[in-house]
Amino acid sequence: MNSKVFLVARILLGLFVIVFGANKLYPFLPAPEEMPDGLMTYFTALTTSKTLLLVGLVEVVSGIAFILNKYGALMALILMSVSVCAVLFHITMAPDTIAPALALLILNIVVLVGYKDRYKDILRA
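Okay, structure coming up:
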């Protein structure tokens, strides 16, 4: 992969997850006006169990790692679970707001491909 493309994708992903992770820790982005009851119940459970706090911390730490280019290969793997869950959430519960989740997943895949040399030892049979 072109090193410039990888650098841009890594920095964009880092900024993206820092902003959305920080929003989970200290909400500053506007929340939706109305949510269906199922969605409200789901978010109440995530908030009560502190799952959103953990996801926010993972996103902020991952974002810092991507921007500083330290432990980025590890954080890209860890962040992939968050990316897939975000896309699945939006497919099933909020399809009208899926664009940011898809952007997260695509950027995460691009960054994983950029780090592919670091995974060769792990994936060797």
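The UniProt record's numbering applies: residue 1 is where the sequence shown begins, and numbers increase by one.
We put the beta carbon where it would ideally sit given N, CA and C, even for glycine.
Per-residue burial, residue 69 [other beta carbons within 10 Å of its own, 16 or more giving buried]: exposed
Closest by C-alpha distance to residue 109, when choosing among 46, 13, 19, 124: 13
Three-state class that DSSP yields for residue 57 in the structure shown: helix
Euclidean distance between Cα positions of residue 22 and residue 121: 34 Å
Span of the alpha helix (DSSP H) around residue 40: 37 to 48
Residue burial classification, residue 29 (beta-carbon count within 10 angstroms, cutoff 16): exposed
Limits of the alpha helix (DSSP H) - the one that residue 100 falls within: 99 to 114
Neighbourhood of residue 127 by C-beta distance below 6 Å, restricted to the same chain and skipping five residues each side: Given that the chain is displayed from residue 1 to residue 125, the structure contains no residue 127 and the question cannot be resolved.
Nearest-angstrom beta carbon gap, residue 17 and residue 112 [assumed within contact, 8 Å]: Actually they do not touch by this definition, with Cβ atoms about 14 Å apart.
Buried or exposed by the 16-neighbour rule on C-beta atoms within 10 Å, applied to residue 59: buried
Straight-line Cα distance separating residue 4 from residue 93: 36 Å
Spatially closest choice to residue 81 from 47, 55, 67, by CA coordinates: 55
Residue 124, DSSP secondary structure in three states: coil
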